[in-house]
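Protein sequence lines correspond, in order, to chains A and B.
The numbering of the first sequence is this note's numbering, which starts it at 19 and goes up by one.
The numbering of the second sequence is this note's numbering, which starts it at 2 and goes up by one.
Working notes, beginning with the structure itself.
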Amino acid sequence: MSTYSLSDGLASGAPRSAPVFAGWVRDSGVGVLASVTWIAFGLSCLWWADVGDWSRTHSLGIAAFIIAAVALFGTVGADYLGSAGKALRQRAPWLVALGAFLTVWEVATAKFAWLPLPFFPPPQSIIEVYTDDLPKLLDSVFASVKLQLGGYLVGATVGFLTGVSIGWSRAVGYWVHPVLRFIGPLPATAWLPIAFFTFPSSWSASTFLIALATGFPVTVLTWSGVASVSNAYYDVARTLGAKPSFLVLKVAIPAALPHVFVGLFMGLGSSFAVLVVAEMVGVKAGLGWYLQWAQGWAAYANMYAALIVMSLLCSGAITLLFAIRDRLLVWQKGTVKW
Amino acid sequence: MVAATALAEAAAPSAAGAALDIEQVSHAFDIDGTELPVLSDVSISVEPGEFVALLGPSGCGKSTLLRLVAGLDKPKAGRLREDEARITRPHPSRVVVFQDPTLFPWRSVWDNVALGLEAQGILKSQRHRVDDALDLVGLASFRNAYPHQLSGGMAQRVALARALVNDPKILILDEPLGKLDSLTRITMQAELVSLWQRKGFTTLLVTHDAEEALVLANRVIVFSDRPARVKADIRVDRPYPRHRGDPYLADLRRQILGLLGLDATW
Chain A
19 MSTYSLSDGL ASGAPRSAPV FAGWVRDSGV GVLASVTWIA FGLSCLWWAD VGDWSRTHSL
79 GIAAFIIAAV ALFGTVGADY LGSAGKALRQ RAPWLVALGA FLTVWEVATA KFAWLPLPFF
139 PPPQSIIEVY TDDLPKLLDS VFASVKLQLG GYLVGATVGF LTGVSIGWSR AVGYWVHPVL
199 RFIGPLPATA WLPIAFFTFP SSWSASTFLI ALATGFPVTV LTWSGVASVS NAYYDVARTL
259 GAKPSFLVLK VAIPAALPHV FVGLFMGLGS SFAVLVVAEM VGVKAGLGWY LQWAQGWAAY
319 ANMYAALIVM SLLCSGAITL LFAIRDRLLV WQKGTVKW
Chain B
2 MVAATALAEA AAPSAAGAAL DIEQVSHAFD IDGTELPVLS DVSISVEPGE FVALLGPSGC
62 GKSTLLRLVA GLDKPKAGRL REDEARITRP HPSRVVVFQD PTLFPWRSVW DNVALGLEAQ
122 GILKSQRHRV DDALDLVGLA SFRNAYPHQL SGGMAQRVAL ARALVNDPKI LILDEPLGKL
182 DSLTRITMQA ELVSLWQRKG FTTLLVTHDA EEALVLANRV IVFSDRPARV KADIRVDRPY
242 PRHRGDPYLA DLRRQILGLL GLDATW
């Protein structure tokens, strides 16, 4: 009964304010909430004293307040910020979750040590790694990217050419297919001991292993792509005067490209695994080596910092691959967005 | 002015129709080791510029004959000749339009039409022919579209443009209108006739629709059931554009359906 009279009173007193307020809550409420969780994170940094000795706690608290301010003004004033404001509003629920997660993390580690300490470092110690150990980390990133890129390009190129040849020529298929069946399914890491023996340098051995891990899926999928091209396409091209080279380059390969990209994607995934293992075991550089080194010194913050960088790099590589695919395969409808 | 004349000349039909001789052709497929005869001693002589419809029950081997004419397959016995020259392999002077448009999905409409010129290595100097062919089928504004964005009728028009851009001497049509709705079909039949009249190429049309054959062709060849042999060779001496209700054509249609074994129902 009382609810009825309350809503009745609101409706008569301010007929328009309720829907306007509801609209504001819908548009900006999440942004305000995001700002609240980030303020909470900032306060959690500054309110209590750290249980350990970390130099970036204060800066991190200030940064949290800045992010809170950006979240607040960015979402409330999104209408004046164009696409950036819209993008921020869309991601506001994630900002809420992130702020809440960081607050809990901060409190549970740096402030009350509910989680055992060297194994669960607080956020500020990871920030500390990025500021204080930056040169070494950058060197590792550079080494990893160089190794990965070289091996991947070699593997993808060789795999693509092999796949097209098997798909196109019966004779090549006769000789290469059994080899592929025998060697392909072997995990590339199984070659590791032999590779580090036989190759002149650990760099060339790792390049070979990464190329091997990439090459197998690329070969198989390129091959199946070329083999599954409809004969009708070849018939059309032949009646229009196409020579065999035209049939390969302008019919078989473009028709097989969607398959090829699936192979490139799978190859990328398995080559990351090989990269990290190779760096941990043999190569004295790169993020895998950095992880190993950090573990040796029980520098757990460095490990987490390196893991975050690594996941950004891998995700970035896949994003790049998908962007290239979307560019080349604009003619396809309904492709998966990464 | 000079450029304009040159362009007009290049766009004009450089190739009128070619004569086609099919001499005692037989063909068979190997299916699991057993030989399945599809064509039996077929002889047809087509004059340059004729529009010949090949009519027969479905699955009788008409499409196989077209593949032989195109040079995509070789006959087990007999010979095929285009203007006295033996047909041994595909050549852009004999272009096929298939029942499915089979446009290359990764190429835009313009690039699909340009396929023949590109395959022959003359696209760079002859780009205007692609534009002309697209104009001819009325799809100039769709040049940048991709095949998946086209309707069935539009896709088949693109396939037609892709064939015509090569100025074929013999245009081979394998039920190209078979999968279109009846309205689009009637429009495209009229377009086909007017293209054929303007360009003068020899046309070979496979169809299982007697009415379509009679509206379009000057000659209708009726095939028997598999293995196909020529059952009747009928001249259709009526001026274009033809009217579907023409009593002369209706009479021929009855005859043809009788040949195909459907006299009781019609």
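No residue lacks a Cβ here, since even glycine has one placed at the ideal position from N, Cα and C.
- For the region 103 to 121 of chain B, the beta-carbon criterion of a distance under 7 Å to any beta-carbon of chain A is satisfied by Thr103, Phe105, Pro106, Trp107, Leu116, Gly117, Ala120 and Gln121.
- Under the three-state reduction of DSSP output, Pro38(B) falls in the strand class.
- According to the DSSP assignment, Asp175(B) belongs to the beta strand (DSSP E) that extends over Ile171 to Asp175.
- For Phe264(A), the chain B residues whose C-beta falls within less than 7 Å of its own C-beta are Ala120, listed in chain order.
- By the CB criterion at 7 Å, Gly72(B) and Pro49(B) fall outside the cutoff.
- Comparing alpha carbon positions, the residue from Gln142(A), Arg345(A) and Gly259(A) closest to Tyr318(A) is Gln142(A).
- His28(B) has Leu40(B) as its beta-bridge partners, per DSSP.
- Note: Leu113(A) is not bridge-paired with any residue in the DSSP secondary-structure output.
- If you look at Gly92(A), you'll find it in the alpha helix (DSSP H) that goes Thr75 to Val94.
- DSSP places Ala250(A) within a helical segment (H, G or I) once states are collapsed to three.
- In this structure, the beta-carbon distance from Val194(A) to Ile201(A) does not fall below 7 Å.
- Following the DSSP letters along the chain, one finds Val194(B) inside the alpha helix (DSSP H) bounded by residues Ser183 to Lys200.
- For Lys232(B), the enclosing beta strand (DSSP E) begins and ends at Val231 to Arg236.
- Taking a beta-carbon distance threshold of 7 Å, Arg345(A) does not count as an interface residue toward chain B.
- Around Arg256(A), the beta-carbon contacts reaching into chain B at under 7 Å are Leu73 and Pro91.
- The beta-carbon separation of Ala89(A) and Ala110(A), rounded to 7 Å, stays under the 8 Å limit for a contact.
- Neighbourhood of Phe99(B) in chain A, by CB distance below 8 Å: Ala250, Asp253 and Val254, in chain order.
- As DSSP reads the structure, Thr204(B) sits in a beta bridge with Phe52(B) and Leu172(B).
- Residue contact check for Pro272(A) against chain B: a CB pair falls below 7 Å.
- Straight across, the Cα-Cα distance linking Leu210(A) with Thr237(A) is about 21 Å.
- Counting along the chain, Glu85(B) sits inside no alpha helix (DSSP H), nor does DSSP assign it H or E at all.
- For Ala260(A), the neighbours in chain B by C-beta distance under 7 Å run, in chain order, Ala120.
- Close partners of Asn167(B) in chain A (Cβ separation under 8 Å): Leu258 and Gly259.
- Sequence-ordered contacts of the region 157 to 189 of chain A with chain B are nonexistent [C-beta pairs closer than 8 Å].
- About 13 Å separates the beta carbon of Ile57(A) from that of Phe91(A), a gap too long to meet the 8 Å contact definition.
- Contacts between Val96(B) and chain A, judged by CB atoms closer than 7 Å, involve Thr257 and Leu258 in chain order.
- In this structure, the beta-carbon distance from Thr216(A) to Val295(A) does not fall below 7 Å.
- In this structure, the straight-line span from the alpha carbon of Asp344(A) to that of Tyr251(A) is close to 23 Å.
- Here Ser46(B) carries a strand assignment [DSSP, helix/strand/coil].
- Residues of the region 216 to 230 of chain A with a Cβ closer than 8 Å to any Cβ of chain B: none.
- The Cβ atoms of Glu297(A) and Gly306(A) lie closer than 7 Å to each other.
- Secondary structure note for Phe234(A): its alpha helix (DSSP H) is the uninterrupted segment Ser220 to Ala245.
- Leu227(A) sits close to Val292(A), with the two beta carbons spaced by under 7 Å.
- Listed by position along chain A, the residues whose Cβ is nearer than 8 Å to that of Tyr147(B) are Val348 and Trp349.
- A straight-line Cα-Cα distance of about 21 Å links Met328(A) and Trp112(A).
- In this structure, DSSP gives Asp74(B) a state outside helix and strand, which the three-state scheme calls coil.
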